[in-house]
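A short write-up of the structure that comes next.
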Amino acid sequence: MAPKYPIDVPSFATTQLALLDQELQSELFETSSLISNTSPTSLQRAGIAITNLTLSSQRTGLGGKTVVELAPDPATASADGELPEHGIRTGDIVIVSEQPAGSAKKREVKELEAKGSRGVVTRAGRAAVWVALDGEEDEGVGQKRLWLVKLANDVTYKRMNMTMARLQKMPADEYSSFVRVLFGLESPTPWSDEAGEIKWVDPSLNDSQRDAIEFALGSREVALIHGPPGTGKTHTLIELILQMLKRNLRVLVCGPSNISVDNIVERLAPHKIPIVRLGHPARLLPSVLNHSLDVLTQTSDAAAIVKDVRKEMDTKQASIRKTKSGRERKAIYGELKELRKEFREREKRCIGTLIGGSKVVLATLHGAGGFQTRDEIFDVVIIDEASQALEAQCWVPLLKAKKVVLAGDHLQLPPTIKSLNSKTKVKAKEKEAEGIIKGMTLEKTLFDRLLSLHGPGIKRMLTTQYRMHEKIMRFPSDELYESKLVAAEGVKARLLKDLPYEVEETEDTNEPLIFLDTQGGDFPEKSEEEDVDKKKSGKGIMGESKSNEMEAALVKQHVQSLVNAGVKAEDIAVITPYNAQLALMSKAMKETFPGIELGSVDGFQGREKEAVIVSLVRSNSDREVGFLGEKRRLNVAMTRPRRLLTIIGDSETLQGNTFLKRWMAFLEEHADLRYPSVALLNAQ
């Protein structure tokens, strides 16, 4: 029996193309208008630039690229020599150029690109950022004071668009049964216990992990592995890959980000199986480079044959410079042309040999659409962090697949979408565009769509979590995970006082859950636009972002008491949903507590720390909570800590939302409840 709501494939592809175009335009427009109208300092606060840098070293990296190390200018650097808070991540595409004076406005992206050098961030540390420059020339980087600006990445969009266009034009009689299942034109084949008796590589797997692996092995077209926070999702995928190899299957493993893929490469490497990692070497973790295609093509046996030709080409190029005779030059150019052709063919064969000899190929989703995999056939595609990926991105490797295993957690945050008002725009386009599906947004991931299309029968959930104290886990488990999560023996009662180094027993290190309730209106929120350089639009660069000075003071006081008790600053994270609050807290905290981590809730997804303090910011008499009311964002915030979760917020304001209201009731009953005093704070 086919599912109730089959999806028309060409209409799906048409709608995705319209939404993707809009998303790219939003991203380009946002970057361009911010760069044109905003001072460098404000751009840094918005997370798309780092200012006041100097070139501290440069070297030749992989693929012959120049890698520059950029550190804070000593003249303006903070005492600890660390970079200010910024939003630049490894893999971002950036421009490095001379920093304009604070007053210089109206810089178009084109103008910036003309003056600077484009490159990819290879590493973002606390005290420096490393960038692999794209061009051969890097004159733009010699200046004294530099800055670095993040650009929109249009390469990813090109791959997604090409894939959607292929899907749009594909005749219905060419759809594989796999494609038919993914669009609800057919139901998945019923699960069968083909796996038989499994010999586990890792005997320590728990029952829910084993069940998920058996299910994924026995599913014909699609299996979803739902991994709530701390349940060992990657651990499960490693065993699944090893079991697939035992069955002689070829596996392509993908994820939306380089870090999600590198994480799997690192864990697969000890098993000594032939693996190849596709991707720009600059974007890979150092520990993964030995498996990267670029390095293998320089070090494998097949590479030696390629090297010979390269050597011959170098010799010919040198002889061109020496000869005066036009006829001789022409002859040498002719020979060079032939050598280049031979070089390309040999390199292609070398790549083919390496990938062909590999049982597991790993790449980011859009990286899987490169020329290296064009002729390769895989039995299974595994997509990790699938609930963080755009569906169009997932189709890049899926068009040639026979089976997919998606792993993720659709109850945490979906991918970030810039054009959030996309529905209205697409509706406007409907008049001119045939086949647009109403109400579809980029936020709906493949994981979500398949779950609503085929129901929970295609999913298995991991239920033992190895991260959080039982009390921290309880509310998200009851509210979002059907009360199915169980805290593993080793973590369910551990507190800060039990850390492997000496920590005093205090009222803070003795508790797993603390709620500092600021009700009463003494800790009011403030809108960023009330006091930050107002733009012509009337909004600050953070848009409507909120901050709360009294809450920031409470955070500092609480961190101080943890540090006084012996907790190391690097074991503490402070997170908040609002960028304005992050900017407010960062300055003071980083200097006082070197090693502490501050971040946005969204940016901290996938991470964990021993102690996590969440500043909720909202405090107003209208009980307005804005985007704080998003369940998935709150779920991320409350599932990051191992031993202590401290919530700082105004329970009265938070009554305005049903989910928040239930959370407040839970905290009042189960947390160590405290009512901070403004008078005491001011006295400090």
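Residues 1 to 684 in the UniProt record's numbering are what the sequence shown lists, from first letter to last. Think of the CB as a built atom: it goes at the ideal place given N, C-alpha and C, for glycine as much as any other residue.
- Taking the C-beta atoms as reference points, leucine 413 is found no nearer than 8 Å to glutamine 168.
- Beta bridge pairing from DSSP links isoleucine 95 with Arg118 and Val149.
- Taking C-beta atoms as the reference points, valine 503 and alanine 565 count as a pair closer than 8 Å.
- Exposed is the label assigned to tyrosine 333, since fewer than 16 other Cβ atoms lie within 10 Å of its Cβ.
- In the DSSP secondary-structure assignment, isoleucine 648 is bridged to Leu516 and Ser615.
- Close CB contacts of arginine 180 within its chain, under the 7 Å cut and outside five residues either way in sequence, are with Glu186 (chain order).
- When DSSP reads this structure, histidine 226 sits in a beta bridge with Gly408 and Met461.
- The C-alpha of valine 614 is placed about 41 Å away from the C-alpha of methionine 244.
- Here tryptophan 200 carries a coil assignment [DSSP, helix/strand/coil].
- With 16 or more other Cβ atoms inside 10 Å of its own Cβ, valine 67 counts as buried.
- Leucine 365 sits away from proline 274, with the two beta carbons spaced by 8 Å or more.
- Assignment of threonine 14 by DSSP, reduced to helix, strand and coil, places it in the helix class.
- The beta-carbon distance between arginine 633 and valine 601, rounded to whole angstroms, is 6 Å. This is short enough to meet the 8 Å contact definition.
- Among the bridge pairs identified by DSSP, lysine 359 is matched with none.
- The beta carbon of alanine 368 is closer than 6 Å to those of Cys254, Val396 and Pro397 in its chain, skipping five residues each way along the sequence.
- Cα atoms of phenylalanine 12 and alanine 216: separation of roughly 27 Å, rounded to the nearest angstrom.
- The bridge partners DSSP lists for leucine 70 are Leu55 and Val129.
- Using a Cβ-Cβ distance cut-off of 8 Å, the stretch 352 to 364 and the stretch 210 to 228 are not in contact, since fewer than three pairs of beta carbons, one from each stretch, lie closer than that value.
- Look at arginine 642 here: in three-state DSSP terms it is strand.
- Annotation: threonine 189 to phenylalanine 178 spans about 10 Å, alpha carbon to alpha carbon.
- Separation of the CB atoms of alanine 392 and phenylalanine 447 is rounded to 14 Å, and the pair is thereby denied contact status at 8 Å.
- For serine 586, the closest alpha carbon among the candidates Val405, Pro40 and His86 is that of His86.
- Under a 10 Å Cβ-count criterion, glycine 232 is classified as buried, with 16 or more other Cβ atoms of the shown protein chains found around its own Cβ.
- DSSP lists Val253 and Val405 as the beta-bridge partner residues of isoleucine 382.
- Following the DSSP letters along the chain, one finds glycine 218 inside the alpha helix (DSSP H) bounded by residues 207 to 218.
- Glutamine 44 sits buried, since 16 or more C-beta atoms from the chains shown fall within 10 Å of its C-beta.
- In the structure shown, serine 33 falls within a helical segment according to DSSP collapsed to helix, strand and coil.
- Around the Cβ of glycine 521, a 10 Å sphere holds fewer than 16 other Cβ atoms; the residue is exposed.
- Under the rule that a run must span 3 or more residues, the beta strand (DSSP E) segments found entirely inside the stretch 548 to 623 read 572 to 576, 597 to 600 and 609 to 615.
- DSSP places isoleucine 264 outside any beta strand (DSSP E); the residue lies instead in the alpha helix (DSSP H), whose first and last residues are 258 to 268.
- Annotated as distal: proline 500 and isoleucine 472, with beta-carbon spacing of 8 Å or more.
- Between the alpha carbons of valine 222 and threonine 658 lies a distance of about 35 Å.
- With contacts defined by Cβ atoms closer than 8 Å, leucine 399 and arginine 166 form a contacting pair.
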